[in-house]
Amino acid sequence: MTEHDRDAIDASLRRQFEVPNLDALHERIEAAAAARPTDATEDVETEDVDDVIRLPPTTDPSAEPRSGALGSLVWVGVVAAAAALVLLWARPDGVDPGTASPTPDSGAEVIARAPDPPPTSHQVAGAQLTRFLSTAHYPGPDYDLGDCQSVVPPPPNCSTHEGAPVWSPQPEAQVVWECGGSTSLNCSDHDLPAQRLMVVRLAPSGPDVIVCIEPPWADPKPELPLDSGYQIFRRTLGEYVLYEVTPLSEPRAFDSLSI
Amino acid sequence: MPHPDPRSPRALTPAAFAARFRESSRVLWCIAAGVLGDRTHAEDVLQEAALTALDKLSTFEPGTNFEAWMSQFVRFVALNHRRKHARRARALHEQARGMADGGSTPPSSTAVFDAGVQRALDTLGETARTCLLLKTVVEFDYAEISTLLEIPPGTAMSHVSRARAKMRELLPEPDAPPVLRARRAP
Numbered sequence: 067m068t069e070h071d072r073d074a075i076d077a078s079l080r081r082q083f084e085v086p087n088l089d090a091l092h093e094r095i096e097a098a099a100a101a102r103p104t105d106a107t108e109d110v111e112t113e114d115v116d117d118v119i120r121l122p123p124t125t126d127p128s129a130e131p132r133s134g135a136l137g138s139l140v141w142v143g144v145v146a147a148a149a150a151l152v153l154l155w156a157r158p159d160g161v162d163p164g165t166a167s168p169t170p171d172s173g174a175e176v177i178a179r180a181p182d183p184p185p186t187s188h189q190v191a192g193a194q195l196t197r198f199l200s201t202a203h204y205p206g207p208d209y210d211l212g213d214c215q216s217v218v219p220p221p222p223n224c225s226t227h228e229g230a231p232v233w234s235p236q237p238e239a240q241v242v243w244e245c246g247g248s249t250s251l252n253c254s255d256h257d258l259p260a261q262r263l264m265v266v267r268l269a270p271s272g273p274d275v276i277v278c279i280e281p282p283w284a285d286p287k288p289e290l291p292l293d294s295g296y297q298i299f300r301r302t303l304g305e306y307v308l309y310e311v312t313p314l315s316e317p318r319a320f321d322s323l324s325i
Numbered sequence: 183m184p185h186p187d188p189r190s191p192r193a194l195t196p197a198a199f200a201a202r203f204r205e206s207s208r209v210l211w212c213i214a215a216g217v218l219g220d221r222t223h224a225e226d227v228l229q230e231a232a233l234t235a236l237d238k239l240s241t242f243e244p245g246t247n248f249e250a251w252m253s254q255f256v257r258f259v260a261l262n263h264r265r266k267h268a269r270r271a272r273a274l275h276e277q278a279r280g281m282a283d284g285g286s287t288p289p290s291s292t293a294v295f296d297a298g299v300q301r302a303l304d305t306l307g308e309t310a311r312t313c314l315l316l317k318t319v320v321e322f323d324y325a326e327i328s329t330l331l332e333i334p335p336g337t338a339m340s341h342v343s344r345a346r347a348k349m350r351e352l353l354p355e356p357d358a359p360p361v362l363r364a365r366r367a368p
């Protein structure tokens, strides 16, 4: 191999694997780190994601632990939820996501194998997110759900002239995970159909709530089953539609968003 | 075992972790991309690895190399991700290849070459791919790669050399006219 060959390969690799701006990631990790007790000496118990997604979602929100551990684990919950949602949204058989069962068929086997442990905080968060998304009705797949900047030309109702909602950090509410928006994470990569989604930890002891930020053309108009134990609150902000999914009786995260 | 790191005299606090992570994220991203074989999910993997590591801070041995410790989480999460998403990734890859091969606008020679490099990269093993990216993208020397991936420096060098040679065999002539590239094709 000549030096020219080697240089050409190396140059191609540098072009294709240029490290992206990771500032948003740093901020999220710093927020997560800030949530941990500084003098913690014990590791937080986490479960293998495989095990988490095999367990059935809880239907009893009263079982949700209201402790600091909830916040520290919600990130894992989102990962678990995202993994679980692959089952819901992959739809190889053409099942409409709006009518798909939120519980994988393999759940029965798992219930028999692990029926006793109470739901962990990240299972609760995952179940919350799953229920929300399984009842949301997004535009059909024929319409590009990419953000406005990725669609050329932008759809006519894809207006961003007012600017996008911005999260203002507050002690009582911290974003612990986010996709879409200014992050480099694409929600669809997690099989999350939302344009922008945040998991917000409410201080001091939780719970965690989910905030979705949608342009009006992607308003999913979700509804939850009456027995879900969660509430959905809707608010408009400029041209955007905000949803907060929460076990509380009032939205607590909306006020941190502004344009 | 990770080599001693004089910058870590005490146990890692969450805040110190975040600071060290910020310093190391570029290298760790490269490891994630190397194991995955593409850049699409590298940041996702990095996040998951960081959060997992945050919950396991007590496993960090003060005085050892933070990047080497962290790279274990990154590689583990990336391998898991690759295993879980291999099927989907193959489908997307084929789709992308179809777009590159069958588009109405002829792709540039650079785009064709890059696509070939990506395909050739996919044929390498995770370790070889990671060694190659650490060498080319972040310009690590073999000793640094050795420390990060916990392999002998000679092995790192061998991985890079063989990876380049194998990729070269699979690639069209860089900057060659299309007719010559066609003649090289089997």
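Here the protein sequences come in this chain order: H and C. First residue of the first sequence? That's 67 in our numbering, and the numbers climb one at a time after it. First residue of the second sequence? That's 183 in our numbering, and the numbers climb one at a time after it. We treat Cβ as the ideally placed atom computed from N, Cα and C, and that holds for glycine. Keep in mind it's a predicted model, so treat the numbers as computed, not measured.
Original post:
What does a CB cutoff of less than 7 Å around Ser340/C pick up in its chain, not counting 5 residues either side in sequence?
Top reply: none
**OP:** Assign Glu205/C to buried or exposed, taking buried as 16 or more other Cβ atoms, counted over all protein chains shown, within 10 Å of its Cβ.
**Re:** The residue in question, Glu205/C, is exposed, as its Cβ has fewer than 16 Cβ neighbours within 10 Å.
Original post:
Roughly how far, in whole angstroms, is the beta-carbon of Leu268/H from the beta-carbon of Val275/H, given that I think they are within contact range, below 8 Å?
Top reply: Here Leu268/H really is in contact with Val275/H; their C-beta atoms are around 6 Å apart, less than 8 Å.
Original post:
If the cut is a Cβ gap below 8 Å, which residues of chain H does Trp211/C touch?
Top reply: Taking the beta carbon of Trp211/C as reference, the chain H residues within 8 Å of it are Val85, Pro86, Leu88, listed in sequence order.
Original post:
Just reading off the alpha helix (DSSP H) that Val277/H is part of, what are its end residues?
Top reply: Element bounds for Val277/H: not the alpha helix (DSSP H) but the beta strand (DSSP E), 274-280.
Subject >> Opening and closing residue of the alpha helix (DSSP H) in which Arg300/H lies >> reply: No alpha helix (DSSP H) contains Arg300/H, which is instead part of the beta strand (DSSP E) from 297-303.
Original post:
Is Ile95/H close to chain C, meaning its C-beta is less than 8 Å from at least one C-beta of that chain?
Top reply: Yes, Ile95/H counts as interfacial toward chain C.
Original post:
Where do the N-terminal and C-terminal ends of the beta strand (DSSP E) with Leu308/H fall, by residue?
Top reply: Element bounds for Leu308/H: 306-312.
**OP:** Grab me the residues of Asp296/C's own chain with a C-beta within less than 6 Å of its C-beta, minus the 5 sequence neighbours each way, in chain order.
**Re:** none
**OP:** Measure the alpha-carbon distance for Cys224/H versus Gly246/H and round it to whole angstroms.
**Re:** Confidence at Cys224/H is low in this model, with a pLDDT of 47, below 50, so its placement is unreliable and the value that follows should be read with caution. Whole-angstrom Cα-Cα distance: 15 Å.
Subject >> Residues within the stretch 72-84 of chain H neighbouring chain C, beta-carbon criterion of under 7 Å >> reply: So the list reads Arg72, Ala74, Ile75, Asp76, Ser78, Leu79, Arg80, Arg81, Gln82, Phe83, given in the order they occur along the chain.
Original post:
What residues of chain H sit near Ser291/C, judged by a beta carbon separation below 7 Å?
Top reply: By Cβ distance, chain H contributes nothing, its closest Cβ being about 11 Å from Ser291/C, past 7 Å.
Subject >> Under 8 Å between C-beta atoms of Leu136/C and Leu239/C >> reply: There is no way to answer for residue 136/C, as the model of chain C reaches only from 183 to 368.
Subject >> For Gln236/H, the first and last residue of its enclosing beta strand (DSSP E) >> reply: Unbroken run through Gln236/H: none, as it is neither H nor E.
**OP:** Work out the CA separation of Cys253/H and Arg339/H for me, nearest whole Å.
**Re:** Because chain H in this structure spans residues 67 to 325, residue 339/H falls outside the shown range and cannot be described.
**OP:** Compute the beta-carbon to beta-carbon distance between Leu228/C and Trp211/C, rounded to the nearest angstrom, for a pair I have assumed lies under 8 Å.
**Re:** 6 Å
Original post:
So, helix, strand or coil for Glu244/H, using DSSP?
Top reply: strand
**OP:** Could you have a look at Ser324/H and say whether DSSP puts it in helix, strand or coil?
**Re:** strand
Original post:
Given that Gln254/C touches chain H, what residues does it touch there, using C-beta distances under 9 Å?
Top reply: Per Cβ cutoff of 9 Å: no residues; Gln254/C is ~15 Å from chain H at best.
Subject >> Simplified DSSP state of Thr246/C, which is helix, strand or coil >> reply: strand
Original post:
So with Cβ pairs under 8 Å, would you call Ser250/H a contact of chain C?
Top reply: yes
Subject >> DSSP three-state assignment for Leu268/H, whether helix, strand or coil >> reply: Assigned with DSSP and collapsed to three states, Leu268/H falls in strand.
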